[in-house]
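Notes for the one structure printed next.
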Amino acid sequence: MVECAQEISSFNPVPTEYADFTVRRGDAVVDRRGRNSAVAGAVAVLGARGDVEVIPAYSARATSAGMLSRAGWRRLSGEVLDAVGEHARRVDGVYFSLHGAMGADGELDPEGALLEETCRLVGDGVPIVISLDLHGILTARMLRAIDGMAAYHTYPHVDFADTGARAARLLLWVLGRRRPPAMARVVIPALVRGDELITKSGCYGDVVREAQRLEREGRALAAAVLIGNPFTDVPELCSQTVVVAEDGEAAAAHAVRLAREFWAERFRMQAKLIPLDRAIAQARDMAGPVIFTDAADATSSGATGDSNVILHGLLRVGYDKPVLAPIVDPPAAAAAVRAGVGATITVRLGGARDPRFAPLEMTVEVDMLSRGRAVLETSRGALDAGPTAVLRTGCFTILAMSRPVSLFDRAMFLAHGRNPRDYHLTIVKSPYCEHHMFDAWAQKNFNIDAPGSTSADLRSLGHRVCRRPMFPLDEAVAFEPVPEVYRRAV
Ligand SMILES: [Zn+2]
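In terms of the numbering used here, the sequence shown is residues 10 to 499.
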């Protein structure tokens with residue numbers, strides 16, 4: 010059992026380093042049993058079998074961020090493969106938990122490189138099954154190295170453990186057969202974003218439910234509709250359907266049908282954004298609470314988290330109702346720590362990491378200091394934002410963190426005693442959150458058109474590496490589904 014997971018935005022100028030990864034070895038890889046994670050889900054299935062011994066080898070996970078540095082990749086990949094190599098000759102199968110949207114300086118298909126080498130180390134005849142985030146980019150090199158895969162079926166993601174469990178059951182299935190299954194996939198030249206991706210309510214969910222139906226009815230061992238992370242600008246970035254089944258022809262037919270259904274909805278699956286000044290003008294007259302979604306600076310998608318664009322817009326018009334705003338700003342947090350609780354300091358907020366944001370000079374009171382620890386509401390995963398300060402000025406409350414952490418739920422706010430329901434306006438640096446967290450009680454959630462390395466306005470980002478033509482980056486993109494079928498040699 011191995012894990013290596015990160016998601017990057019190629020448009021984030023700050024590289025990820027090895028030190029940004031949380032690395033676990035041996036039993037520590039699975040000590041998160043009971044958590045909602047892919048590894049925990051796989052362990053639950055494999056551990057329930059009396060005849061299976063699980064060997065936890067290695068786990069490395071990092072918050073979404075910029076591309077992994079060359080040195081970082083060299084060390085990380087070396088450690089992953091050393092751990093695989095150590096156990097390679099005594100395992101019957103490999104479960105590899107991946108996100109799928111990594112990118113490294115000098116290696117734009119890190120998962121492919123890891124799987125290819127894992128395949129070589131364990132040798133032919135030892136099955137490898139992976140799990141992926143639905144934002145993962147499954148490449149031809151990955152498909153040539155594996156026997157099967159399972160991917161998330163939910164967005165916002167909640168089925169982490171379920172996905173690991175499906176991957177583990179597939180691995181057991183492969184182990185019990187002589188011939189590996191076929192994996193059919195159809196590459197779709199489209200990148201998608203927007204409300205319709207919410208699987209509970211959007212049209213993307215309709216296609217995903219078809220994939221789930223194939224699994225449920227036993228017509229596929231696994232099926233997935235992967236949309237790639239549109240901010241990971243790598244050669245094989247795309248959307249794709251994948252169907253794993255014994256019969257390659259049947260798998261291909263299902264993959265083609267799912268791909269056609271997905272392609273037909275591509276225009277709906279684009280984000281609708283509202284200009285900031287218009288959103289502010291509307292929000293001012295509302296009873297509230299309102300949410301301003303800053304998806305362009307979503308740390309969970311790989312952005313820096315240091316955009317002050319919305320904050321600046323609100324200050325400029327003298328917004329006079331309570332505002333709660335998160336920002337990643339190591340110098341501001343450090344200045345607050347030096348000054349202490351109760352002190353009044355002048356800080357330059359924003360743009361500490363991404364130079365596209367001009368710092369904003371503000372005089373603030375240090376209301377609270379912390380180590381920046383919180384536990385995610387969804388997965389119970391730990392967050393560590395480093396030294397963190399709650400800063401106040403007028404009706405603005407600003408949570409200044411030293412490190413980017415996932416902000417797709419309310420964990421950081423609540424850990425600092427700030428409940429978004431108590432504010433007229435909360436800035437949320439995530440494209441979507443689970444419904445109950447904000448949308449269930451907010452009067453309106455405005456999806457703000459702001460600059461940033463994870464803007465939902467995909468044409469604004471400047472893709473240079475991914476294959477073209479690609480919808481919506483290019484005009485008049487044509488699509489005729491062509492299934493590719495992979496089956497690992499016995
Ligand atoms: Zn994802």
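Using N, Cα and C, we set each Cβ at its ideal position, and we do this for glycine too.
Given this structure, state the Cα-to-Cα distance separating residue i from residue j, to the nearest angstrom.
i: Arg187; j: Asp315; result: 53 Å
i: Glu219; j: Met158; result: 17 Å
i: Ala262; j: Arg222; result: 15 Å
i: Leu55; j: Val131; result: 19 Å
i: Ala97; j: Leu184; result: 16 Å
i: Thr163; j: Arg287; result: 32 Å
i: Ala394; j: Ala420; result: 11 Å
i: Asp118; j: Asp40; result: 29 Å
i: Leu90; j: Pro190; result: 25 Å
i: Ala449; j: Thr72; result: 27 Å
i: Ser248; j: Asp338; result: 34 Å
i: Asp133; j: Leu230; result: 21 Å
i: Gly75; j: Gly311; result: 6 Å
i: Tyr213; j: Lys330; result: 37 Å
i: Ala334; j: Thr313; result: 15 Å
i: Asp36; j: Val52; result: 11 Å
i: Ala268; j: Cys404; result: 49 Å
i: Arg79; j: Cys442; result: 33 Å
i: His425; j: His444; result: 22 Å
i: Ala503; j: Met10; result: This structure cannot speak to residue 503, because the chain is shown only from 10 to 499.
i: Ile289; j: Ala57; result: 54 Å
i: Ala305; j: Val167; result: 22 Å
i: Thr463; j: Phe240; result: 6 Å
i: Val5; j: Pro413; result: Past the boundaries of the shown model lies residue 5; the chain is included only from 10 to 499, so the question cannot be answered.
i: Gly94; j: Ala14; result: 19 Å
i: Cys475; j: Ile146; result: 11 Å
i: Arg427; j: Met377; result: 11 Å
Go ahead and pull the three-state DSSP assignment for residue i.
i: Ser140; result: strand
i: Ala307; result: coil
i: Gly157; result: strand
i: Pro481; result: coil
i: Phe169; result: helix
i: Thr127; result: helix
i: Glu12; result: strand
i: Phe417; result: coil
i: Ser106; result: strand
i: Ala57; result: coil
i: Val326; result: coil
i: Ile64; result: coil
i: Glu274; result: coil
i: Ala199; result: strand
i: Leu369; result: strand
i: Leu180; result: helix
i: Leu358; result: strand
i: Gly121; result: helix
Per DSSP, which residues does residue i bridge with? Please list them.
i: Thr353; result: Glu374
i: Asn456; result: Thr302
i: Asp393; result: Arg382
i: Arg401; result: Glu374 and Thr406
i: Val234; result: Thr250
i: Glu493; result: Arg194
i: Ala69; result: Cys13 and Val32
i: Ala113; result: Leu77 and Glu116
i: Thr25; result: Leu77
So residue i packs on residue j, CB below 8 Å; how close in whole Å?
i: Ile515; j: Ile457; result: Past the boundaries of the shown model lies residue 515; the chain is included only from 10 to 499, so the question cannot be answered.
i: Ala416; j: Ile407; result: Reading the sequence as shown, one finds Leu at residue 416 and not Ala. Not a contact, Cβ separation roughly 14 Å.
i: Ala292; j: Val299; result: 5 Å
i: Leu143; j: Leu285; result: That pair is no contact at about 30 Å.
i: Asp363; j: Asn45; result: Not really, about 31 Å apart at Cβ, beyond 8 Å.
i: Glu120; j: Leu107; result: 5 Å
i: Ser388; j: Phe169; result: 6 Å
i: Val375; j: Ala343; result: Incorrect: roughly 12 Å between the Cβ atoms, too far for contact.
i: Val507; j: Ala260; result: In the structure as shown, the chain begins at 10 and stops at 499. Residue 507 is therefore absent and cannot be evaluated.
i: Ala47; j: Gly173; result: 3 Å
Over what stretch of residues does the beta strand (DSSP E) that includes residue i continue unbroken?
i: Pro335; result: Val332 to Val337
i: Leu434; result: Leu434 to Val437
Since residue i is in the alpha helix (DSSP H), which residue starts that stretch and which ends it?
i: Arg225; result: Cys212 to Arg225
i: Phe405; result: No alpha helix (DSSP H) contains Phe405, which is instead part of the beta strand (DSSP E) from Phe405 to Met410.
i: Val89; result: Arg79 to His96
i: Pro293; result: Correcting the residue type first, residue 293 is Arg in the shown sequence and not Pro. Start and end: Leu285 to Arg293.
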